[in-house]
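For the protein sequence lines, the chains are A and B, in the order given.
The first sequence finishes on residue 983 if you use our numbering, and the numbering steps up by one all the way, no holes.
The second sequence finishes on residue 1295 if you use our numbering, and the numbering steps up by one all the way, no holes.
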Amino acid sequence: MTDPNAADSATTYTSTYSSEDPYGSTSTDDAGRIFTVGGGDWDEIVNAVDPLESERIVVNMGPQHPSTHGVLRMVLELEGETVARSRVVIGYLHTGIEKNMEFRTWTQAVTFITRCDYLAPLSNELTYCLGVERLLDIEDQIPERVKVIRVLLAELQRISSHLVWLATGGMEIGAMTMMLFGFREREHILAILEMITGLRMNHAYFRPGGVAQDLPPGAVDRIREFIPYMHAKIDEYESLLTANPIWLRRLKGVGFLDTNGCMQLGVTGPLLRASGLAWDIRKEMPYSGYENYDFDVVTESAGDCFARYLVRVNEIRQSLRIIEQAVDRLKPGPIMVADKKIAWPAQLALGGDGLGNSLDHIRHIMGQSMEALIHHFKLVTEGFRVPPGQAYVPVESPRGELGAHIVSDGGTRPYRVHLRDPSFVNLQAVPALTEGGMISDVVASVASIDPVMGGVDR
Amino acid sequence: MTDEHRDMFGASGFGDTSGFGGLAVRPTDLVSSPKPYGEWFDEATDALEQALPSFGDAVERVVVHRGELTLYVKREALVDLCRLLRDDPRLRFEQLSGVSGVDYPNDPTGRRLHAVYHLLSMTRRRRLRLEVAVADADPHVPSVTEVYPTANWHERETWDFFGIVFDGHPGLTRIEMPDDWPGHPQRKDYPLGGVPVEYKGAQIPPPDTRRSYA
């Protein structure tokens, strides 16, 4: 609703400061009239603006708008309903994860980096662990089972991330059913991940040198059951959306970005593949054994929101293919490097009381070997040393190139970790996607980028 | 490279858990890796040397470590070098993956602030790292936004966290921290926590100095 005081003094700003709300803005800039809108009729706002005096109005969208994926803020300059200029403001979710990691051991830092891009926590962990392993020079000592488990979980994660994108993106342009479907299927994946890692999100499951625990009994069967279930569900989504006239008219030709634009803006992931370039790090610069899997890089050539939808849906199918192969490749074996100076000595197992512990190991360190106790204590509290140097091993996250630049000074804690998050980079494309289009298409365009603010702001 | 080693959460007076066991670390000698570098590194650096007559002046060191190539570049040559790396058909580093900063307070050359650029060649499936070092008293690096427009936000972030000024950037403002934030939080001498935060006009003291209810 417009401020009633504003109507009287047509050329002055209105302040939201009052004695009841001392925290209201008291800015006295000359930006023109300020309308504070909380619902209501758009026409009322537009009619309150004298078209001769000001043809453009500036609308602040976010940072707490439900269709901005968290705390993204956009400043839109509108001519009628056409977006003349759009600018993105970020930083509302900055939590200093990178700084915090410098104060934890190399193993503990996984617990932090997993919280960056919260829809793909395992990708964050994977790029970090691969970087630390490169600095430790143990890349070729990683057991086969670890590589397969990492691929398996990363692909499950990719499906769950794409499902959230489909669900929230669908909801934002009115496909409410898709929202319910997407979150319903994601719940199955989260249950599998919880069974394996103990947590639905923010797993901290990958460790430098391996993974935290072995797969529990029954996990593989559950994944096998999930594959045909998910295949059927994707067909259901496609029958719901791919020929849906509303879906088509909201997405086709909207938010166009070609390959050239993607390259200039550093855009990677589904956006780049939807513009026609088959660039997938899993295929082009394989890590964690991806070169051994048979899968296709999905591309589309239209470069619009609909092409991105097709790319993501078909990527779910390809991920299922990889999961199928990974499950077959799982062979019993160690889940940590053999180096006792890196691998934690105990393998925790779930006890009858529901708590993890390793009674054999406790018997060993408490009753038999003082040295083993000291070694355990030093490794867990102080951590292992990583030789000085820097490494950058990016992975293909659901959103594009995700890489951790890791610097070590030779100590037990990271000297510096910088996460190159694809959401952060891809958001730079918002002006290119939205300017000149309609304000209603802004929502579809931003949704097609699939930004996750936890990763953007870190 | 680091200064003093402290305990886990920046506290002092307890045992040293940094892994150095109280030892002082001598600054390392800054040396280039010996030729041949191996893999594709020789081919790429030779191509760059041919294309850039002032290669010897522009590139201070070439380091190959753990299969990654790093060129330590003088800031004056950065933009020209990037343009060559992007356009030369033998190099073709089309994309800038990111810019990150690192703070080395005890850098032996006195240039503590490092800007690190990761370049990607999709044509040849190669990655390359450029590193530029500047002193705190003169923290200026030319912006590469005209070569790689994607550097825009990355450079803003590096300015925000490290205080490196990117000359020629179209709008170098803070991106993650509030606009009026004092200091550059990712520097090594900036504490973790312990900073009062202004929220809606009121000062919220850091947790360790708040009133105790014990």
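Ideal Cβ positions, reconstructed from N, Cα and C, are used throughout, including at glycine.
Residue environment: A:Trp567 is assigned as exposed (fewer than 16 neighbouring CB atoms within 10 Å of its CB, all protein chains considered). Within 7 angstroms of the CB of A:Lys624, the CB atoms of chain B belong to Pro1266, Gln1267 and Leu1273, in sequence order along the chain. When Cβ-Cβ separations below 9 angstroms define contact, A:Leu958 makes no contact with chain B. Counting along the chain, A:Glu719 sits inside the alpha helix (DSSP H) bounded by residues Met701 to Thr722.
At a C-beta separation below 8 angstroms, B:Ser1099 has these neighbours in chain A: Gly936, Thr937 and Arg938.
Classified as exposed, B:Arg1142 has fewer than 16 neighbouring CB atoms from the shown chains inside 10 Å of its CB. For B:Pro1223, the pairing in a beta bridge is given by DSSP as B:Asp1248. In this structure, the straight-line span from the alpha carbon of B:Thr1109 to that of B:Arg1171 is close to 33 angstroms. Of all C-beta pairs linking the segment 942-949 of chain A to the segment 960-980 of chain A, three or more are shorter than 8 angstroms, placing the two stretches in contact. In this structure A:Asn625 is buried. Its beta-carbon is surrounded by 16 or more other beta-carbon atoms within 10 angstroms. Close to B:Ser1181, with beta-carbon spacing below 7 angstroms, are these residues of chain A in chain order: His930 and His943.
9 angstroms or more divides the Cβ of B:Thr1254 from the Cβ of B:Asp1261. In this structure, the straight-line span from the alpha carbon of A:Arg747 to that of A:Glu719 is close to 12 angstroms. The segment 1224-1241 of chain B and the segment 958-970 of chain A do not touch, with fewer than 3 CB-CB distances between them shorter than 8 angstroms.
According to the DSSP assignment, A:Thr906 belongs to the alpha helix (DSSP H) that extends over Met895 to Thr906.
For A:Arg807, the secondary structure class from DSSP, reduced to helix, strand or coil, is helix. Remark: C-beta atoms of B:Arg1167 and B:Tyr1229 approach each other more closely than 9 angstroms. A direct Cα-to-Cα measurement between B:Gln1176 and A:Ile674 gives close to 31 angstroms. Here B:Pro1223 is not near B:Arg1164, since their CB atoms are 9 angstroms or more apart. In its chain, beyond the 5 residues on either side, Leu597, Ile615, Leu618, Asp946, Ser948, Phe949 and Leu952 have a beta carbon closer than 8 angstroms to the beta carbon of A:Val981. A contact between stretches requires three or more CB pairs, one per stretch, nearer than 8 angstroms, and the segment 829-837 of chain A meets this requirement with the segment 778-795 of chain A. Proximity of B:Gly1148 to chain A, defined by a Cβ-Cβ separation below 9 angstroms, is satisfied. By a beta-carbon distance limit of 8 angstroms, A:Ile684 does not contact A:Met599. Their separation comes to about 29 angstroms.
Where A:Met891 is concerned, there is no enclosing beta strand (DSSP E), because DSSP gives it neither an H nor an E.
Taking 8 angstroms as the upper bound for CB-CB distance, B:His1199 and B:Gly1182 are not in contact here, some 12 angstroms apart. When C-beta distances to chain B are compared with 8 angstroms, the residues of the segment 651-664 of chain A below that value are Arg659, Leu660 and Asp662, in chain order. The Cβ atoms of A:Val852 and A:Arg749 lie closer than 9 angstroms to each other.
The residue among A:Gln789, A:Ala868, A:Val779 and A:Ala645 with its C-alpha nearest the C-alpha of A:His728 is A:Ala645. For B:Gln1284, no CB of chain A lies under 9 angstroms from its own CB, so it is not counted at the interface with that chain.
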